[in-house]
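Participant: Handing you a structure now.
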Amino acid sequence: MPNQFIMTQQEGPVAILRLNRPDVLNALNIPLMDELITNVEAYDQDPGVRCMIITGNERAFAAGADIKEMAEASVVDMYERNNLARWERIKRVRKPIIAAVSGFCLGGGCELAMHCDILIASETARFGQPEINIGVMPGAGGTQRLSKTVGKYRAMELILTGRMFTAAEAHAMGLVNRVVPVERYLDEAIAMAREIAERSPIAVRVAKEAVLRAFETGLSDGLDYERKLFYMLFATEDQKEGMKAFVEKRKAEYKGR
Ligand code: CAA
């Protein structure tokens, strides 16, 4: 079925998924999220893709979950739709995902960006968890991921006041990796995605899995998990090729095997 609310494009090993409801600042309604999740999962299975980018447009990455879709919902409606549980499928994606953010990145938009592994922001990006202003609270991971990223006190202020904050502030708090001029935010994300795509795809996926494990477990278990994955990579051709290429002073040719 053709996509209605997202646009996809592939540049070599990099897949770009663009949220596309510009009239409503890319508000994340259920059909958009379903399309996004379906496409992300398809790229995760596609051996030709090594890294993904989720982006919006210059004015908005996404201004949150679609308020009009939820405004009249009852608790039973919300429970039955169980829309936010489906977002968990993004968490299970094994290839790296970069969020390329410009303009509004609010509520569910900020939470979607935080589902990604690396955040590149334009100088014009505005972040926030403004749900408190409409009588609710973050529901797609904001209270957990923002707290783990920026710490309890900053998260508490941002979630309880709902105020917006700039890309520079987000960078200072460790929420974004790089802030670049608006003309460059997507190119910067593509350049980083290409850099990652040159590495061993299997080592990249396993390393992502190990880093994510740090958010789920204590230090000793995490270190144990890391060590086992590290040893496991010695069963790959890419490990042999990577180390042989180093010794022979040439560029490695990784196959993802
Ligand atoms: N849901 C539905 N529609 C939205 C929307 C959203 N989250 N955000 C913006 N829109 C729509 C507006 O209704 C408007 O549509 P119309 O032209 O049909 O009226 C259009 O997008 C443009 O928006 P504005 O006219 O409001 O643009 P602005 O430049 O004056 O303001 C803004 C921009 C400050 C981002 C403002 O739109 C805003 O505050 N949006 C809501 C932000 C928000 O509260 N997000 C959290 C949603 S709840 C959530 O995300 C829950 C969760 O944790 C999963």
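Adding 74 to a residue's 1-based position in the sequence shown gives its number in our numbering.
Quick reminder that beta carbons are idealized off the backbone N, C-alpha and C, glycines included.
Is it the case that the CB of residue 178 approaches a heavy atom of the ligand CAA more closely than 7 Å?
Facilitator: Indexing the sequence shown from 1 puts residue 178 at position 104. Residue 178: yes, Cβ under 7 Å from the ligand CAA.
Participant: Considering only the beta carbon of each residue, do residue 113 and residue 93 sit closer than 8 Å?
Facilitator: Numbered from 1 along the sequence shown, position 39 holds the residue referred to as residue 113. Numbered from 1 along the sequence shown, position 19 holds the residue referred to as residue 93. No, the pair does not count as a contact, with Cβ atoms beyond the cut-off.
Participant: Any heavy atom of the ligand CAA closer than 7 Å to the CB of residue 292?
Facilitator: As a position in the sequence shown, residue 292 is number 218, starting the count at 1. No, the Cβ of residue 292 stays beyond 7 Å of every heavy atom of the ligand CAA.
Participant: With 16 other CB atoms within 10 Å as the buried threshold, where does residue 317 fall?
Facilitator: For the purposes of this step, residue 317 is identified with residue 243 of the sequence shown, where counting begins at 1. Residue 317 is exposed by the Cβ-count criterion.
Participant: Between the alpha carbons of residue 323 and residue 243, how many angstroms are there, rounded?
Facilitator: Taking the sequence shown and counting its residues from 1, the one referred to as residue 323 is at position 249. Taking the sequence shown and counting its residues from 1, the one referred to as residue 243 is at position 169. About 42 Å.
Participant: In the structure shown, what three-state DSSP assignment does residue 273 receive?
Facilitator: In the sequence shown, residue 273 corresponds to position 199, counting from 1. It is coil, neither helix nor strand.
Participant: Excluding the 5 residues flanking residue 105 on each side, which residues of the same chain have their C-beta closer than 8 Å to its C-beta?
Facilitator: Within the sequence shown, residue 105 is the residue found at index 31, counting from 1. Same-chain partners within the cutoff: 78, 79.
Participant: Helix, strand or coil: how does DSSP classify residue 125 here?
Facilitator: Walking along the sequence shown from the start, residue 125 turns up at place 51. Residue 125 falls in the strand class under three-state DSSP.
Participant: Specify, as a first and last residue, the run of the alpha helix (DSSP H) that residue 183 falls within.
Facilitator: Counted from its first residue, the sequence shown places residue 183 at position 109. Unbroken alpha helix (DSSP H) run through residue 183: 182 to 189.
Participant: Under the rule that 16 or more other beta-carbon atoms within 10 Å means buried, what is residue 107, buried or exposed?
Facilitator: Indexing the sequence shown from 1 puts residue 107 at position 33. Its Cβ being crowded by 16 or more others within 10 Å, residue 107 is buried.
Participant: Could you tell me how far apart the beta carbons of residue 135 and residue 175 are, in whole angstroms, since I believe they sit closer than 8 Å?
Facilitator: As a first step, residue 135 is located in the sequence shown; it is residue number 61 there, counting from the start. As a first step, residue 175 is located in the sequence shown; it is residue number 101 there, counting from the start. Going by Cβ atoms, the distance from residue 135 to residue 175 rounds to 4 Å, so yes, they are a contact pair.
Participant: Could you name the residues of the same chain whose beta carbon sits closer than 6 Å to that of residue 216, not counting the 5 residues immediately before and after it, in chain order?
Facilitator: To locate residue 216, count along the sequence shown from 1; it is residue 142. Correct list, in chain order: 185, 203.
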